[in-house]
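Taken in sequence, the protein lines are chains A and B.
Position 201 of the first sequence, counted from 1, bears residue number 201 in my numbering, the numbering being contiguous throughout.
Each number in my numbering corresponds to the 1-based position in the second sequence with 1000 added.
Don't be surprised by glycine CBs; every beta carbon is placed ideally from N, CA and C.
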Amino acid sequence: MTVRPSGRALALATVLAVACTGSAHARQGPLLDRSYTAAVVAFQTEGEMGPARRLVASWTHQQFETAVARSRRESPQLSRPASLLHLEIALALVETEPAEALWQIRLGGQLLESLARTTPGPQDDFVARWSVVASSVFQARTDLPRARAALAFGLARRPRDTMVRQHAGTIEDLASLIAENDDTGLADRKGTAARRLAYNRMAIAEREYREALAISPRNTSARIRLGRLLHRRERFNDAREEFERARAAELTTGDRYLLLLFLSSTHEALGDVASARTALRDAVGLAGDRQGAWLALAQLEERSGYPDRARGVIAQGLSRGRADVDEWWDYRHGGFDNEGLEWLRDAVRSSR
Amino acid sequence: MAARRRQVLTLVAVSWISIAAALAQPDQVFRASVETVVLDVAVSRGGQPVRGLGAQHFTIVDNGTPRPAQAVLHDSVPLSLVLCFDTSSSLGEDGLQRLREAADRLLESLRPDDQVGLVTFTEAVDVRVVPTTRHEDVRAALRTLSPQGPTAWRDALFVAAQLVEPTRSTRSVVLLLSDGADTSSWMSASQIEDAIGRAGVVIHGIELDTRPAQRMTTNNLAPPVASSAAPTLRRAVQASGGRVWSAASDGELRRLFLEVLQELRDRYLVSYIPPAPVTAGWHKVGVRLNDARGDVLARPGYWVAPEK
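Take a look at the structure:
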């Protein structure tokens, strides 16, 4: 997160914050309100986080709750920037204080309560988008209990939003991946429990993905993930069917890359190594700076009895410049919804 | 048949060569004159290596058929060693510095004709140095590392194993250091075991336990739920006939690296002629000692690829 200093907002908020912390709580209401509002406005107008940081450093939970309650009553027009501010605070805190980060997310949810009662268009749903980004703050750290808790607001207020349902699916999908991680083949009780947990999570994830697709059949990202989930549940023909449907749609480069990667392993599972190879060659042709496809192709060649080809693919693929992102990595260990965060920031900026 | 032989050469720990001829001409590509399988075997008693064994001390059971050892080589065989190091964020800067120091000590202990390479991994895999006798290249590459990101040791191990094709008269070894559960590999747990079984490379694994001091440097990192990599890592190492070593802290790496190196030197390269005809598929192998006592550690079999 980039924070740019802003002298005027910083000075104002500092004065207000210092004044605030020195007062008796009973007399603090207006001061709390003013310093909180100043922090929100500084953030909204100049992207300035300094005042908010000082509040976080000096305020108690009770002071925050008081200020948020007053802001909800008296400044409903600030609900979007204020909720985004709390999300940004959570993002800054999550590494060192994840419990505090979740608390900030809950405050943000409170600020969005009145907005959540309105009915926006599907392309303009700040509440749904905010919920998904808030949850991904924790998903990116594979902190799935908190990711679920952060999404609870969105699931309660936007149960018919395809993004929210898809995200609920990705959390359970990831939980199943973690449960089976490195435990496959274990014969002991721990291994059995892990497999059972993975199976249960996969069932919930499938239900959520299907719900997302029922709401919006054009949600190809959900379809690709559903296909992969069906593959993992060894329903390979069903998986291939979903992939073929997704393939016919218009896709982002990242989604198409992920689709080709997943499709190749389903082809291979169905015994069609030639199609698997073609899909992976298409993937490296499409996104040659992503390492996942090169590694997958090398591994396929080695498994198919062509270790020389595998070495060639490794030499070619791993010597290239590599992108910092790989949709496979995000899928595999949980990614942060950067695109969603930018959407929220734009929405707040445009509402100045 | 020649094509078939080439596939076997590159796929498994089966060298279709005469070991003696290979040692006499270490820079040449080998041509088969005798169909020979080579196994890298450790023999120990009470935790100490058993030295001084010869061909007469080994019998190899290949798919149930006992075969006498034809030749045994010991300490003199040069290494083709790939260091495969986890540089994920949980290692931290201090841990990485201790890793560099330990690796430096290991490099100092190598012989001039030993080859060494370096693969590092986080969620991505980087081939830093392909195996070379210029050991200083690895030392220089180690200086450029920084800890970041999650762990993809299965993909990294696959890549490292492909770098040490067992076609020459060397001990082909990967030394894998990792400290966490794999959260990013494309390769599954069962696939890495199979791939290692086919590769013919001995894997030694060092599990580094950094859990008490989990460190994070960015928002998008390894999970707090990271569990021991032991089950899959151990199975992959067993499939290669290697050993897993545990380090309770990165401070132990220096000692462990030297212990691993000594183990590599103490192992025997045992060659034998497999029962004819050599069929495609998995060959289960066991090693027995004759007139000697000790615990034997070797790969449990080798793979012969079907003819294409």
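- In the DSSP assignment, B/Gly1286 is bridged to B/Val1061.
- Chain-ordered, the chain B residues with CB closer than 8 Å to the CB of A/Leu318 read Val1125, Asp1126, Val1127, Val1159.
- According to DSSP, B/Thr1133 shares a beta bridge with no other residue.
- Distance between A/Thr266 and A/Arg235, taken at the CA atoms: about 9 Å.
- Counting only runs of 4 or more residues that sit fully inside the segment 1037 to 1121 of chain B, the alpha helix (DSSP H) segments are 1092 to 1108, in chain order.
- Excluding residues up to 5 positions away in sequence, Leu1157, Ile1192, Glu1193, Ile1196, Ile1203 lie with their Cβ nearer than 7 Å to the Cβ of B/Ala1236 in the same chain.
- Here the segment 1045 to 1065 of chain B makes no contact with the segment 1138 to 1158 of chain B; the two share fewer than three CB pairs at distances below 8 Å.
- By the Cβ neighbour-count rule, A/Asn219 is buried, with 16 or more other Cβ atoms within 10 Å of its own.
- By the beta-carbon neighbour count (other beta carbons within 10 angstroms, threshold 16), A/Gln166 is buried.
- In this structure, the alpha-carbon of A/Arg129 lies about 35 Å from that of B/Ala1189.
- Minimum Cα-Cα distance from B/His1283 among the listed residues B/Gly1047, B/Arg1045, B/Gln1056, B/Asn1063 corresponds to B/Asn1063.
- Between B/Leu1118 and B/Arg1128, the C-beta gap is smaller than 8 Å, which places the two residues in contact.
- Following the DSSP letters along the chain, one finds B/Asp1295 inside the beta strand (DSSP E) bounded by residues 1295 to 1297.
- Collapsing the DSSP output to three states places B/Tyr1272 in a strand.
- Going by DSSP, A/Glu250 is part of no beta strand (DSSP E) at all; its letter is neither H nor E.
- Rounded to the nearest whole angstrom, the C-alpha separation of A/Ser304 and B/Leu1081 is 26 Å.
- Contact between B/Pro1274 and B/Val1130 fails: their C-beta atoms lie close to 31 Å from each other, not under 8 Å.
- Under the Cβ distance rule, A/Ala310 counts among the residues neighbouring chain B, one pair being separated by less than 8 Å.
- In the structure shown, A/Gly285 adopts helical secondary structure according to DSSP, grouped into three states.
- With contacts defined by Cβ atoms closer than 8 Å, A/Leu107 and A/Phe64 form a contacting pair.
- Scanning A/Leu230, A/Ser221, A/Gly335 for the CA closest to the CA of A/Ala248 turns up A/Ser221.
- At a cut-off of 8 Å between C-beta atoms, B/Asp1155 counts as an interface residue with respect to chain A.
- Counting along the chain, B/Val1202 sits inside the beta strand (DSSP E) bounded by residues 1202 to 1208.
- Taking the Cβ atoms as the reference, B/Gln1162 lies roughly 19 Å from A/Arg281, outside the contact range of under 8 Å.
- Close to A/Ala296, with beta-carbon spacing below 7 Å, are these residues of chain B in chain order: Trp1186.
- Assignment of beta-bridge partners to B/Val1174 by DSSP yields B/Val1082, B/Ile1203.
- As computed with DSSP, B/Ala1247 is found in a beta bridge with B/Leu1208.
- Residues of chain A whose Cβ lies closer than 7 Å to the Cβ of B/Pro1150 are, in chain order, His333.
- B/Trp1303 has B/Trp1282 as its beta-bridge partners, per DSSP.
- Bridge partners of B/Asp1126 according to DSSP: B/Thr1120.
- Closer than 8 Å to the CB of A/Gln299 there is at least one CB belonging to chain B.
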